[in-house]
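Q: Would you mind keeping the following structure in view while I ask a few things?
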Amino acid sequence: MPELPEVESIALGLRPVLVGKRVARVCVGTPLVIRGPYRRRWRVFLAQLTGRRIERVTRRAKRLILTAEGGLALVFQLGMTGKFLLPNPQEGRTATPKHTHLILSFSDGMACLFVDPRRFGRVWCLRSLDPEAPDAVMEAAGLTPLGPEALDMDLKTFLARLRTGRPIKSLLLDQTRIAGLGNIYADESLWAACVHPARPASSLTRAEAAKLLRAIKAVLRRAIRAGGTTFSDFRNVYGEMGRFRPRLKVYGCQGQPCPRCGTTIRYLRASGRGTHICPHCQVR
DNA sequence: ATTTCATCCTGGAGGC
DNA sequence: TGCCTCCAGGATGAAA
Numbered sequence: 001m002p003e004l005p006e007v008e009s010i011a012l013g014l015r016p017v018l019v020g021k022r023v024a025r026v027c028v029g030t031p032l033v034i035r036g037p038y039r040r041r042w043r044v045f046l047a048q049l050t051g052r053r054i055e056r057v058t059r060r061a062k063r064l065i066l067t068a069e070g071g072l073a074l075v076f077q078l079g080m081t082g083k084f085l086l087p088n089p090q091e092g093r094t095a096t097p098k099h100t101h102l103i104l105s106f107s108d109g110m111a112c113l114f115v116d117p118r119r120f121g122r123v124w125c126l127r128s129l130d131p132e133a134p135d136a137v138m139e140a141a142g143l144t145p146l147g148p149e150a151l152d153m154d155l156k157t158f159l160a161r162l163r164t165g166r167p168i169k170s171l172l173l174d175q176t177r178i179a180g181l182g183n184i185y186a187d188e189s190l191w192a193a194c195v196h197p198a199r200p201a202s203s204l205t206r207a208e209a210a211k212l213l214r215a216i217k218a219v220l221r222r223a224i225r226a227g228g229t230t231f232s233d234f235r236n237v238y239g240e241m242g243r244f245r246p247r248l249k250v251y252g253c254q255g256q257p258c259p260r261c262g263t264t265i266r267y268l269r270a271s272g273r274g275t276h277i278c279p280h281c282q283v284r
C-alpha cells in the first residue's frame with residue numbers, strides 16, 4: 001500500500017542518510033525482483049554501480065529513485081508491501097528480516113535493506129537517468145508511462161483527463177492518467193469531495209472536478225505531514241508506523257458513522273477494488 | 001475503448 | 001492447537 005505519501009515519507013527518510021554515500025557492495029538475495037534491460041545481467045550493472053556516490057534520492061509518483069554518479073539509477077516500485085530499512089540510530093542493526101531481497105552496503109559500513117514479503121515490488125536498473133526528468137528513461141526501459149503527479153496537477157489538465165465515461169475511481173487509480181493515488185487516498189479524496197466512486201468521470205461538473213482536485217491534494221499533503229498511513233504493512237525507513245490512519249475518514253471505517261453526517265460508512269466493490277463510501281454524502 | 005479476470009505473493013482472518 | 005480456504009491489493013497482460 002505504499003502510495004504517494006508513503007513513498008514520499010521513505011524518500012524523506014533515505015535522502016539525508018544516503019546522499020553522498022559511496023556504494024561498497026550490492027547484495028541481491030532475490031534476482032527475480034530485478035527488471036528492465038539488466039534483468040539477466042544485473043551483476044554487470046551492479047558492478048558498475050559499485051564505487052559510485054549516491055547523488056539524489058527522489059520520488060516520481062509511487063516510484064522511489066536512487067541516482068548515483070554518472071546517471072546510474074535504481075528505480076523501486078514497492079508494490080504492496082515493499083519497504084526500506086535503515087539501521088535504527090538507537091538500536092543499530094538487529095537481525096536481517098525475512099524477505100530481504102536487496103542490500104545496499106556503503107563504504108562507511110552502513111547498509112540499506114529492501115524488504116518485501118509479498119514480493120510484488122520491483123527494481124529497475126537504469127542508465128543515463130536525469131533525476132529531474134526521469135520519465136523518458138523509465139519509459140524507454142519499459143516502465144509504464146506515468147501521468148502528471150497528483151500534487152502538481154492543474155485543473156485544466158485534470159478536466160481534460162476526466163473526459164471519459166469510465167468510473168471516476170477507476171480514473172483516479174489509473175497511474176497513466178493521474179500518478180500517485182492508490183486505493184486509500186482515492187477513497188478518502190472522493191469522500192472529501194462528496195463524489196460517488198462509480199460516477200462516470202465525464203459527469204462531474206467543473207465545480208465538482210475542482211473540489212475533487214483540491215481534496216486529492218489536501219489529503220495527500222496531510223498524509224505526508226503525518227508520515228503516511230499504516231493500515232497493515234507500511235513502515236518508514238526506521239520501522240515506524242505512519243500516523244495518518246486515525247485521520248482516515250472512510251477507508252477501513254465501514255460500519256462506523258460518517259464524520260460529516262453520521263450515516264453508516266459502507267463497503268462495496270468499485271472498479272474491482274474494495275471501496276468505502278458514505279452512502280448519504282456520495283450519491284450515485 | 002474499456003472492463004473483467006487471472007497472475008504474482010505472504011500473512012492474517014475465519015471456519016471447522 | 002492446527003489445518004484449510006479465502007482474501008487483501010498494485011501492476012500488468014490477456015481475454016471478453
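Counting in the numbering used here, the first sequence runs from 1 upward without gaps. By construction, the Cβ of each residue, glycine as well, lies at the ideal position given by its N, Cα and C atoms.
I need the DSSP call for alanine 61, collapsed to helix, strand or coil.
A: Position 61 of the first sequence, counted from the start, is the residue given in the question as residue 61. If DSSP states are grouped into helix, strand and coil, alanine 61 belongs with coil.
Q: Along the chain, where does the alpha helix (DSSP H) containing arginine 161 start, and where does it finish?
A: Counted from its first residue, the first sequence places residue 161 at position 161. Note, arginine 161: alpha helix (DSSP H), 155-161.
Q: Quick one: give me the first and last residue of the beta strand (DSSP E) that leucine 151 is part of.
A: Position 151 of the first sequence, counting from 1, holds the residue named residue 151. Run containing leucine 151: none; DSSP gives neither H nor E here.
Q: Roughly how many angstroms lie between the CA atoms of methionine 138 and glutamate 69, to the nearest whole one?
A: Working through the first sequence from its first residue, we reach residue 138 at position 138. Working through the first sequence from its first residue, we reach residue 69 at position 69. Those two C-alpha atoms are separated by around 17 Å.
Q: From alanine 193 to lysine 211, what distance separates their C-alpha atoms?
A: The residue labelled residue 193 in the question sits at position 193 within the first sequence. The residue labelled residue 211 in the question sits at position 211 within the first sequence. Cα to Cα, alanine 193 sits roughly 6 Å from lysine 211.
Q: Quick one: what's glutamine 77 bridged to in DSSP?
A: Sequence index remark: in the first sequence, residue 77 carries index 77 (1-based). For glutamine 77, which the question treats as bridged, DSSP gives the partners Arg63 and Arg122.
Q: Looking at the structure shown, is leucine 14 part of a helix, part of a strand, or coil, going by DSSP?
A: Here residue 14 refers to the residue found at position 14 when the first sequence is read from its first residue. Three-state DSSP puts leucine 14 in a helix.
Q: Which residue wins for smallest C-alpha separation from glutamine 282, given the options Val44, Leu74 and Arg199?
A: In the first sequence, counting from the first residue as 1, residue 282 sits at position 282. Among Val44, Leu74 and Arg199, the Cα nearest to that of glutamine 282 belongs to Arg199.
Q: May I have the straight-line CA-CA distance separating threonine 164 from arginine 243, to the nearest angstrom?
A: One-based indexing of the first sequence puts residue 164 at position 164. One-based indexing of the first sequence puts residue 243 at position 243. Using only the alpha carbons, I get a separation of about 35 Å.
Q: Is it the case that the segment 251-263 contacts the segment 27-38, given that we only count it when at least three CB pairs across the two stretches are under 8 Å?
A: No, because fewer than three Cβ pairs between the segment 27-38 and the segment 251-263 fall closer than 8 Å, the two stretches do not touch.
Q: Pick helix, strand or coil for serine 232, following the three-state DSSP scheme.
A: Counting from one through the first sequence, the residue named residue 232 turns up at place 232. Three-state result, serine 232: coil.
Q: Taking the straight line between their C-alpha atoms, what separation do you get for tryptophan 42 and isoleucine 216?
A: Start at 1 with the first residue of the first sequence, and residue 42 comes out as number 42. Start at 1 with the first residue of the first sequence, and residue 216 comes out as number 216. Straight-line Cα distance between these residues: approximately 38 Å.
Q: Using 8 Å as the threshold, is the C-beta distance between proline 148 and alanine 186 below it?
A: What you label residue 148 is simply residue 148 of the first sequence in a count that begins at 1. What you label residue 186 is simply residue 186 of the first sequence in a count that begins at 1. In this structure, alanine 186 does not lie closer than 8 Å to proline 148 by Cβ.
Q: Roughly how many whole angstroms lie between the Cα atoms of threonine 323 and valine 33?
A: Limits of the chain in this structure are 1 at one end and 284 at the other, which puts residue 323 out of reach.
Q: Looking at the unbroken alpha helix (DSSP H) that takes in isoleucine 184, where does it start and where does it end?
A: Along the first sequence, one-based indexing puts residue 184 at 184. Taken as a continuous stretch (DSSP letters only), the alpha helix (DSSP H) holding isoleucine 184 covers 183-192.
Q: Over the uninterrupted alpha helix (DSSP H) stretch that includes alanine 136, give me the two end residues.
A: As a first step, residue 136 is located in the first sequence; it is residue number 136 there, counting from the start. Where alanine 136 is concerned, the enclosing alpha helix (DSSP H) stretches over 135-140.
Q: Could you name the residues of the same chain whose beta carbon sits closer than 7 Å to that of phenylalanine 45, not counting the 5 residues immediately before and after it, in chain order?
A: Residue numbering aside, residue 45 sits at position 45 when the first sequence is read from its first letter. The answer, listed in chain order, is Tyr38 and Cys125.
Q: Taking the alpha-carbon positions, what's the leucine 74 to proline 145 distance?
A: Locating residue 74 in the first sequence gives position 74, counting from the first residue. Locating residue 145 in the first sequence gives position 145, counting from the first residue. If I take the Cα positions, the gap works out to 17 Å.
Q: Determine, using beta carbons only, whether isoleucine 168 and leucine 151 come nearer to each other than 8 Å.
A: Indexing the first sequence from 1 puts residue 168 at position 168. Indexing the first sequence from 1 puts residue 151 at position 151. Not closer than 8 Å, so no.
Q: What does DSSP give as the partner residues of threonine 164 in its beta bridges?
A: To locate residue 164, count along the first sequence from 1; it is residue 164. In DSSP, threonine 164 forms no bridge with anything.
Q: Return the CA-CA distance between lysine 117 and lysine 98, expressed in angstroms with no decimal places.
A: In the first sequence, residue 117 corresponds to position 117, counting from 1. In the first sequence, residue 98 corresponds to position 98, counting from 1. In the sequence on display, residue 117 carries proline and not lysine. Distance between the alpha carbons of proline 117 and lysine 98: 7 Å.
Q: Compute the beta-carbon to beta-carbon distance between leucine 327 and phenylalanine 84, rounded to the nearest angstrom, for a pair I have assumed lies under 8 Å.
A: Coverage of the chain is limited to positions 1 through 284, which leaves residue 327 absent and any answer about it impossible.
Q: What does DSSP give as the partner residues of phenylalanine 84 in its beta bridges?
A: Mapped onto the first sequence, residue 84 falls at position 84. Paired residue(s): Phe114.
Q: Can you name the residues that DSSP bridges to tyrosine 267?
A: On the first sequence, residue 267 is found 267 positions in, with the first residue counted as 1. Beta-bridge pairing links tyrosine 267 to His276.
Q: Put leucine 102 into one of helix, strand or coil per three-state DSSP.
A: Against the first sequence, residue 102 aligns to sequence position 102. It is a strand residue.
Q: Are the CB atoms of arginine 56 and proline 2 within a distance shorter than 8 Å?
A: On the first sequence, residue 2 is found 2 positions in, with the first residue counted as 1. On the first sequence, residue 56 is found 56 positions in, with the first residue counted as 1. Not in contact: proline 2 and arginine 56 (Cβ atoms no closer than 8 Å).
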